[in-house]
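Under this note's numbering, the letters of the sequence shown match residues 89 to 699, in that order.
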Amino acid sequence: MCGVVGYVGRNQAVPILVEGLHRLEYRGYDSAGIAVHRAGKLAVFKAQGRVRDMEARLPARVKAHIGIGHTRWATHGAPSDINAHPHLDGAGRIAVIHNGIVENARPLRERLARQGAEFVSETDTELLAHLIAQKCEETNGATDGLVEAVRRALLEVQGAYGIAVLDRERPDELVVARRGSPMVLGIGEKEMFAASDVAALVRHTQRVVYLDDGEIAHLTADGYRVTTLEAGVADKTPALVDAALEDHDKEHFEHFTIKEIHEQPDVIERVLRGRIDDRFATARLDGLNLSPRDLLGVRRIKILGCGSAYLSGRLGAGIVEHLARIPCDAEPAAEFRYRNPIIEPDTLYFAVSQSGETYDTLAAVEEIKRKGGRVLGVVNSVGSSIARSCGSGAYLHAGAEVAVVSTKTFVATVVIFALVGLLFGRTRDLSHADGERLIRELRALSGGVSQLIEREDEFKRVGEALAQYENAYFIGRGAGYSLALEGALKLKEISYIHAEGYPASELKHGPLALISPTTPTLALVPDDDQLAKNLGSIEEIRARGGPVFAVTQVTDLPIPDDHRMVVPATHELLAPLLMLVPLQFIAYFASLARGCDVDRPRNLAKSVTVE
Numbered sequence: 089m090c091g092v093v094g095y096v097g098r099n100q101a102v103p104i105l106v107e108g109l110h111r112l113e114y115r116g117y118d119s120a121g122i123a124v125h126r127a128g129k130l131a132v133f134k135a136q137g138r139v140r141d142m143e144a145r146l147p148a149r150v151k152a153h154i155g156i157g158h159t160r161w162a163t164h165g166a167p168s169d170i171n172a173h174p175h176l177d178g179a180g181r182i183a184v185i186h187n188g189i190v191e192n193a194r195p196l197r198e199r200l201a202r203q204g205a206e207f208v209s210e211t212d213t214e215l216l217a218h219l220i221a222q223k224c225e226e227t228n229g230a231t232d233g234l235v236e237a238v239r240r241a242l243l244e245v246q247g248a249y250g251i252a253v254l255d256r257e258r259p260d261e262l263v264v265a266r267r268g269s270p271m272v273l274g275i276g277e278k279e280m281f282a283a284s285d286v287a288a289l290v291r292h293t294q295r296v297v298y299l300d301d302g303e304i305a306h307l308t309a310d311g312y313r314v315t316t317l318e319a320g321v322a323d324k325t326p327a328l329v330d331a332a333l334e335d336h337d338k339e340h341f342e343h344f345t346i347k348e349i350h351e352q353p354d355v356i357e358r359v360l361r362g363r364i365d366d367r368f369a370t371a372r373l374d375g376l377n378l379s380p381r382d383l384l385g386v387r388r389i390k391i392l393g394c395g396s397a398y399l400s401g402r403l404g405a406g407i408v409e410h411l412a413r414i415p416c417d418a419e420p421a422a423e424f425r426y427r428n429p430i431i432e433p434d435t436l437y438f439a440v441s442q443s444g445e446t447y448d449t450l451a452a453v454e455e456i457k458r459k460g461g462r463v464l465g466v467v468n469s470v471g472s473s474i475a476r477s478c479g480s481g482a483y484l485h486a487g488a489e490v491a492v493v494s495t496k497t498f499v500a501t502v503v504i505f506a507l508v509g510l511l512f513g514r515t516r517d518l519s520h521a522d523g524e525r526l527i528r529e530l531r532a533l534s535g536g537v538s539q540l541i542e543r544e545d546e547f548k549r550v551g552e553a554l555a556q557y558e559n560a561y562f563i564g565r566g567a568g569y570s571l572a573l574e575g576a577l578k579l580k581e582i583s584y585i586h587a588e589g590y591p592a593s594e595l596k597h598g599p600l601a602l603i604s605p606t607t608p609t610l611a612l613v614p615d616d617d618q619l620a621k622n623l624g625s626i627e628e629i630r631a632r633g634g635p636v637f638a639v640t641q642v643t644d645l646p647i648p649d650d651h652r653m654v655v656p657a658t659h660e661l662l663a664p665l666l667m668l669v670p671l672q673f674i675a676y677f678a679s680l681a682r683g684c685d686v687d688r689p690r691n692l693a694k695s696v697t698v699e
């Protein structure tokens with residue numbers, strides 16, 4: 089969840105570290121800090137708050153050619169200057185930054201305290217500094233002393249980590265390691281970089297090496313060497329990362345959230361590019377590595393994800409099931425492995441993750457593989473842990489999504505599953521004509537989203553109206569229910585309005601008790617065979633004095649005109665993607681009206697790499 093960056097080379101380290109931290113701040117932003125080797129000592133600068141707060145504490149000039157930096161999302165200890173990373177051992181020899189969580193922190197901390205270690209913070213990370221320093225004493229004088237000390241320390245650690253370590257006694261060496269939390273190396277000319285995300289590297293290099301779990305990298309200005317926790321040598325082949333610097337720039341937009349909403353028409357076109365087979369009215373998803381015989385052998389599909397990835401999977405599951413006529417459902421990845429799931433040989437699993445590093449989803453992937461199941465990835469980040477673990481799947485190609493809330497990757501995920509449904513359907517019973525119709529509407533989708541983006545001011549008024557309330561309901565039927573869950577999640581994530589999504593059919597079974605003039609409901613009302621039932625639900629709410637807003641495909645709902653947001657007509661399976669756009673705008677403008685931090689909502693981070 090935290091952001092980690094490291095540098096060793098001929099250039100000044102501090103500007104590189106600070107810039108990298110700004111680009112990683114979406115991964116954690118309750119505190120920040122850097123440590124550099126300076127004048128024979130490890131100098132540490134850190135502060136509670138944002139990177140800019142730490143930056144304000146830096147001296148005018150800090151000459152150093154090696155250093156590490158960190159942005160924090162708290163797991164152990166409240167945000168504070170003391171709990172901010174980096175952490176030092178008692179003698180100031182070892183500096184450590186850490187993304188992840190040490191699950192056996194308490195017994196390790198108690199043992200180290202008995203051995204004389206004095207702790208100043210509440211974090212689990214500080215014990216790593218003490219533990220590595222202790223191992224350095226044991227390996228004193230060894231050629232690979234720091235690597236060996238880190239290895240011995242990590243063999244005692246349970247949990248997830250992506251760490252970077254400096255040693256006062258080794259001013260030209262940086263050691264990083266990973267297990268369960270991402271770590272990528274950047275290769276420059278007479279300089280090396282390390283980070284938890286390529287976002288911190290793209291300004292400096294596009295040649296990268298992804299560490300796998302249980303690997304340790306020793307970095308100097310001249311290059312790198314990777315070994316394993318078992319002291320074996322790991323041969324790593326550099327790759328070229330496909331990341332654009334402008335993806336990490338707000339350009340003329342006030343926030344990344346609104347920029348990424350506006351990028352959705354282009355994202356839809358990129359997702360579809362090269363993936364349509366007009367001759368046979370089907371999809372071309374070569375990355376799935378599924379032959380026609382493989383497709384026919386699948387009897388069930390299950391989609392796993394967390395947060396918006398899970399909710400996009402819910403929408404996708406409905407589309408796939410409708411087109412392919414095979415059972416398909418979605419389940420929270422965090423719950424999946426703990427119920428001892430039955431892995432059937434004819435079930436195909438999809439793991440959905442924007443970052444490709446979501447710990448719970450990665451753990452579910454490993455559980456499926458351990459039991460002999462087949463799992464494919466639907467991820468946005470090339471080279472990410474889930475992508476590499478699955479081996480096959482479909483990339484979203486949505487570009488970097490920096491805002492914590494998912495917008496364009498949600499849409500891209502649903503479009504991918506529409507293509508999956510088309511592929512499976514045309515292998516089975518979906519007619520050529522129906523395939524052509526879906527393709528035609530998929531290609532028109534970006535235009536429909538563009539039309540809605542042009543009506544931004546209309547949705548702004550609704551968002552500002554909802555900002556006056558403290559509670560809200562979102563209701564829908566069928567796919568509208570999954571959409572209601574996503575709309576409620578967006579609103580609560582960035583505006584802090586308590587919002588709940590419910591099936592409209594469930595109103596009478598409990599939620600109706602809370603309807604009042606101070607509890608608005610936002611109804612999702614497509615023009616489908618359940619229109620009459622949705623209208624009945626709206627009347628039930630109005631009869632109890634509840635304000636009703638609606639995103640709909642029909643123009644004659646019994647609500648005020650300025651409460652009704654009509655979206656263009658499209659294929660019935662794609663309607664939720666158009667109805668989603670007003671919900672994104674509403675959440676954004678409600679957040680602005682309430683003075684919230686839109687891109688970085690409290691207590692949340694973009695990439696959840698701890699359980």
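Where is the CB? At the ideal position from N, CA and C, for every residue including glycine.
Sequence-distant partners of Val102 (beyond 5 residues in either direction) whose C-beta falls short of 8 Å from its own C-beta, in its chain, are Ile122, Val124, Leu146, Val150, Ala152, Gly155.
Judged by DSSP in its simplified three-state form, Ala131 adopts strand. Here Pro591 carries a strand assignment [DSSP, helix/strand/coil]. The C-beta distance from Asp687 to Thr345 rounds to 6 Å, short enough to meet the 8 Å contact threshold. Here Phe368 is exposed, its C-beta having fewer than 16 other C-beta atoms within 10 Å.
Three or more beta-carbon pairs separated by less than 8 Å link the region 505 to 514 to the region 401 to 416, which places the two stretches in contact. Taking 8 Å as the cut-off, the beta carbon of Ala486 is found closer than this to the beta carbon of Lys496.
Shown here, Ala482 sits in a strand according to DSSP, grouped into three states. Between Leu219 and Glu198 the beta-carbon gap is near 13 Å, outside 8 Å, which marks them as no contact. Between the region 336 to 343 and the region 296 to 304, the count of Cβ pairs shorter than 8 Å is below three; the stretches do not touch.
Distance from the CA of Glu214 to the CA of His173, rounded to the nearest whole angstrom, comes to 9 Å. Under the rule that a run must span 3 or more residues, the beta strand (DSSP E) segments found entirely inside the region 421 to 465 read 435 to 441. Inclusion of Asp118 and Pro167 in the CB contact set at 8 Å is warranted, their separation being smaller than that value. Between Pro353 and Ser396, the alpha-carbon positions lie close to 19 Å from each other. Measuring C-alpha to C-alpha distances from Ile189 to each of Ser269, Ala205, Cys684 identifies Ser269 as the nearest. Taking a contact to require three or more Cβ pairs closer than 8 Å, the region 618 to 636 and the region 559 to 567 qualify as touching. Here the region 678 to 687 makes contact with the region 574 to 588; the two share three or more CB pairs at distances below 8 Å. For Gly633, no alpha helix (DSSP H) run applies, since DSSP gives it neither H nor E.
The beta carbon of Arg514 sits closer than 6 Å to those of Thr370, Gly523, all from its chain and outside the five residues before and after it, given in chain order. Burial check for Ser604: the Cβ neighbour count within 10 Å stays below 16, so the residue is exposed. Shown here, Glu339 sits in coil according to DSSP, grouped into three states, outside any helix or strand. The beta carbon of Gly401 lies closer than 6 Å to those of Ile391, Gly393, Ala418, Val440 in the same chain, with the five residues before and after it left out. DSSP places Glu226 in the uninterrupted alpha helix (DSSP H) bounded by 213 to 226.
Phe547 is positioned such that its CB atom lies closer than 8 Å to that of Phe677. Looking at the DSSP output, Tyr312 sits in a beta bridge with Leu307.
Secondary structure at Phe512: helix, using DSSP grouped into helix, strand and coil.
For His186, the enclosing beta strand (DSSP E) covers residues 182 to 190. Residue environment: Ser379 is assigned as exposed (fewer than 16 neighbouring CB atoms within 10 Å of its CB, all protein chains considered).
Going by DSSP, Asp255 is part of the beta strand (DSSP E) stretching over 247 to 255. For Asp434, the closest of Val642, Gly178, Gly375, Val463 by C-alpha to C-alpha distance is Val463. Counting only the Cα atoms, Ala451 lies some 8 Å from Ala421. Excluding the 5 residues flanking it on each side, Val359 has same chain C-beta neighbours closer than 7 Å at Leu484, His485, Ala500, Val503, Ile504, in chain order. Counting only the Cα atoms, Thr325 lies some 23 Å from Val253. For Ile582, the uninterrupted alpha helix (DSSP H) run begins and ends at 567 to 583, by DSSP.
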